[in-house]
Structures are given as C-alpha cells and as structure tokens.
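Please read the structure below before turning to the comments.
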Ligand code: AMP
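Residue numbers (our numbering): 7 to 380.
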C-alpha cells in the first residue's frame with residue numbers, strides 16, 4: 007500500500023505486465039505500418055512513460071511527437087478537455103498513431119479525433135495502454151488496446167493523483183476502504199487467535215500472529231525455527247531483533263493488505279517502537295489496540311485444555327504457562343500503557359461466548375473505522 011496526498015493505493019498492475027502489453031502492442035502496430043514511417047504522438051502528461059517504452063519496443067523507423075491535453079482534476083474526469091499543446095506541425099499526409107495512457111470516458115479521445123480531423127493525415131489510429139470498456143462512452147473504436155481494466159482510479163507509470171505518483175514503475179489502484187491496523191493484546195489463552203480469525207474475514211484484514219509464524223518455522227525446521235524453539239519451549243520471549251525482523255518481512259510480503267491484525271506483537275517496548283517506525287515508513291499507523299481481558303485462573307484452565315488438543319508443549323505445563331504470564335506482566339503490560347497514552351487502548355471483556363466477544367470487539371473496530379478517513 008502506498009499513500010499519495012490523502013489517499014491509499016494498492017498494487018494493481020506490475021511493471022512486467024505493462025512491458026509485456028507494450029511489446030505486444032508494438033508488434034501489432036508494426037504489422038500494420040510495415041512499409042511506412044509512422045508518427046507516434048504521445049498524449050502528455052500521462053503517456054510520457056508509455057510513449058518512451060513503446061518507442062523502445064517498436065522495431066522499425068518511426069518519429070515521435072506530443073500533444074498535451076488535460077481533463078482530470080483529482081479523482082474523476084471533469085469531462086472538459088483543455089488543449090495545452092496543439093497538433094504538431096508537419097503531420098499532414100503522414101500516418102499518425104496516438105499513444106494514450108488511459109482511455110476512460112472518451113472525452114479525450116473525442117477531442118483528439120476532432121483535433122486531427124482538421125488535418126489531412128494519411129491514417130489515424132489510437133493506441134490505449136489501459137482501456138476501461140465499462141466507462142468508455144465514445145463512438146471511436148480504439149485500434150490497439152494494451153489492457154482492459156475495470157473502472158478503478160489508477161496511478162503510477164505516468165499517471166497521477168494530483169501530480170503525485172507519475173514516477174512509480176508499477177500501476178496502483180485507489181483503495182477506497184478505510185485502512186485499519188489493529189494490535190490485539192491479551193495474555194496467552196485470552197482468545198486473540200480465535201477472535202483474529204473472525205475479525206480478519208469481517209474486516210478484510212491480514213492476520214499476523216508472531217507465535218504462528220514461529221511455530222510454522224519450527225515445523226519446517228528453518229534456521230529461525232531452531233532459534234525460536236529454545237525460547238518458546240521455556241515460555242520465554244524470542245529476542246526482539248529476531249522477532250522484529252520477522253514481523254517486518256511479514257508486513258512487506260503483504261503490500262496489498264487492506265490493514266493488519268497484529269496478534270502477539272508488540273510484546274516489548276522495543277517492539278512497539280519498531281512497529282511505530284515500520285508503520286510510519288509505510289505512511290500507515292496503528293488505528294487502535296484492543297486488550298482482551300480475562301482472569302489468570304480462567305486462562306490457565308483454557309490453555310491446559312488447548313494443550314491436550316494442539317500438542318503445544320508450552321500449553322501443557324503450568325510452570326511454563328506461569329512463566330509466559332510473568333513475561334506478559336513484566337514486558338507486555340507496559341506496552342499497553344504506551345498505547346493508552348496515545349488514547350489507542352481499548353479494553354474488552356474476554357469472558358463469554360466466542361460470538362459475544364466478537365461482537366464486543368466489532369463495536370470497537372466499527373468506531374475506529376468511522377474515525378479513519380476513506
Ligand atoms: P503465542 O502463540 O502468541 O502465545 O506465542 C508463543 C511463543 O512465541 C511466545 O511464548 C514466545 O516465546 C514467542 N513469541 C510470539 N510472539 C512474540 C513476540 N512478539 N516477541 C517475542 N516472542 C514471541
């Protein structure tokens with residue numbers, strides 16, 4: 007996810023896919039202009055990257071020029087097209103191929119057709135890198151299409167949102183849902199994992215449980231797993247540096263996520279600081295944290311029951327469980343204060359039926375969603 011001005015955008019079309027589409031278009035155009043020297047006309051500003059890459063992919067003699075039109079203001083087309091740079095001189099009698107980055111409502115296409123109809127060109131064709139068939143209302147049939155896309159606001163690869171984003175090599179689409187990043191606190195057995203599984207579906211969030219990632223690594227015998235096992239088996243915390251690097255990698259592997267539920271992280275002040283920095287570096291932030299509360303006696307009972315089914319050795323031994331509680335009280339409880347000071351800590355009663363607890367959590371999250379700007 008990236009942020010431009012006030013909006014978030016998520017990856018949509020990769021640089022490789024764009025280059026493949028351009029290579030195909032260049033071949034199609036070449037087949038139609040074998041014995042000619044076409045003049046390619048890029049529509050500024052958006053098509054500057056497309057024009058450049060298209061020409062590099064075009065295997066034949068050709069010329070290049072530009073017109074400059076403008077119709078976008080912010081997120082939607084105004085429909086009014088201004089001509090800022092007119093038809094270049096010397097194109098009369100020549101074969102012209104317009105290179106347009108995105109074919110949207112058709113207002114720009116209409117203007118281009120009208121501009122060039124006044125000049126006596128030999129052939130007139132339009133190549134659109136991205137074409138929105140559901141939005142296009144024009145009469146002109148686009149001659150060459152790179153990719154058909156649905157009606158999404160896109161940026162990158164020359165396209166902008168109020169001038170930002172043109173330099174991105176990939177194309178991103180507007181993320182129109184509010185972005186929510188949650189931290190779930192709670193002692194072992196509080197139900198973080200169970201609740202996160204419901205919440206991730208309900209709010210379309212990516213659930214990252216550091217405990218699960220460690221267990222996955224242990225199962226697969228990775229270097230990280232071997233290292234983590236020695237700590238987990240004793241009910242101690244894995245060192246911060248290891249855990250922080252692992253979490254960063256998990257976040258970075260999910261650039262399309264609409265937000266995250268961090269479950270079991272941060273557990274120390276250093277981790278909380280690292281999480282804040284990570285969020286800041288991605289122009290994201292923690293929307294809120296929720297502490298699931300329950301008494302130790304209830305939790306011990308739950309964990310011993312879970313240990314019988316899951317086989318987790320750290321759940322089967324009361325001493326190890328107590329050690330995990332102690333780690334929580336000493337290291338994790340102060341982290342909650344860190345969020346409380348920012349007015350980002352919400353306490354929820356973790357005793358009751360699973361769906362009742364999901365309901366309590368949802369009320370907190372719904373309120374957070376309302377606070378977030380779309
Ligand atoms: P959990 O499944 O969250 O109860 O985690 C199981 C064990 O994994 C913990 O007792 C720790 O040994 C280790 N672990 C999980 N998350 C972290 C973390 N954020 N920092 C350090 N150790 C962790």
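By construction, the Cβ of each residue, glycine as well, lies at the ideal position given by its N, Cα and C atoms.
With a CB to CB cut of under 7 Å and the five nearest residues on each side skipped, what residues in its chain are close to residue i?
i           : result
residue 277 : 246, 249, 250, 271
residue 20  : 176
residue 11  : 167, 168, 170
residue 144 : 112, 115, 116
residue 233 : 248
residue 375 : 184, 186
residue 355 : 299, 366
residue 149 : 131, 132, 133
residue 17  : 176, 178, 261, 262
Pull up the DSSP beta-bridge partners for residue i, would you.
i           : result
residue 33  : According to DSSP, which records beta bridges pairwise, residue 33 is partnered with nothing at all.
residue 9   : 14
residue 72  : 48
residue 132 : 104
residue 297 : 191, 353
residue 267 : 188, 213
residue 154 : 137
residue 88  : 76
residue 165 : 162
residue 179 : 16, 160
Check whether the Cβ of residue i lies closer than 8 Å to any heavy atom of the ligand FMN, and answer yes or no.
i          : result
residue 73 : Among the ligands in the structure shown, the ligand FMN does not appear; only the ligand AMP can be found there.
Compute the distance between the beta-carbons of residue i and residue j, then report whether it is under 9 Å.
i           : j           : result
residue 102 : residue 131 : yes
residue 287 : residue 350 : no
residue 56  : residue 135 : yes
residue 163 : residue 170 : no
residue 274 : residue 200 : no
residue 280 : residue 253 : yes
residue 90  : residue 76  : yes
residue 371 : residue 363 : no
residue 296 : residue 206 : no
residue 178 : residue 8   : yes
residue 37  : residue 63  : no
residue 284 : residue 15  : no
residue 269 : residue 198 : yes
residue 142 : residue 110 : yes
residue 172 : residue 318 : no
residue 189 : residue 345 : yes
Going by CA-CA distance only, name the one from the options that's closest to residue i.
i           : options            : result
residue 341 : 191, 317, 263, 262 : 191
residue 208 : 368, 25, 29        : 368
residue 261 : 153, 185, 307, 330 : 185
residue 100 : 44, 326, 344, 316  : 44
residue 196 : 203, 299, 141, 363 : 299
residue 237 : 329, 372, 18       : 329
residue 66  : 42, 378, 50        : 42
residue 165 : 123, 204, 106, 359 : 106
residue 291 : 336, 378, 320      : 378
residue 216 : 285, 146, 256      : 256
residue 160 : 124, 62, 52        : 52
residue 204 : 318, 361, 60       : 361
residue 35  : 16, 61, 15         : 61
residue 33  : 133, 93, 202, 309  : 133
residue 98  : 122, 312, 87       : 122
residue 94  : 310, 47, 110, 68   : 47
residue 96  : 227, 87, 69, 120   : 69
residue 259 : 214, 282, 235      : 214
Leaving out the 5 sequence neighbours to the left and right, which residues in its chain are closer than 8 Å to residue i when beta-carbon positions are compared?
i           : result
residue 331 : 193, 194, 302, 305
residue 49  : 72, 73, 74, 75, 104, 105, 106, 107, 114, 118
residue 139 : 154
residue 353 : 296, 297, 299
residue 380 : Residue confidence is low: residue 380 scores 43 on pLDDT, short of 50, so the model does not pin down where it sits. Its coordinate-derived value is still stated next. Same-chain partners within the cutoff: 182, 183, 184.
residue 202 : 190, 213, 215, 267, 269
residue 137 : 108, 109, 148, 151, 152, 153, 154, 155
residue 310 : 321, 322, 324, 327
Near residue i, what residues of its chain come up, given a Cβ to Cβ distance below 6 Å and the 5 sequence neighbours on each side ignored?
i           : result
residue 230 : 223
residue 263 : 212
residue 265 : 185, 186, 187, 211
residue 324 : none
residue 326 : 241, 320
residue 334 : 193
residue 289 : 9
residue 322 : 313
residue 308 : 195
residue 88  : 76
Can you find a CB in chain D that lies within less than 9 Å of the CB of residue i?
i           : result
residue 130 : Reference to chain D is not applicable here, since this structure consists of a single protein chain.
*asked:* For the structure I just gave you, are there three or more beta carbon pairs, one from the segment 153–168 and one from the segment 118–133, closer than 8 Å?
replied: no
*Between the segment 24–34 and the segment 47–62, are three or more C-beta pairs nearer than 8 Å?*
yes
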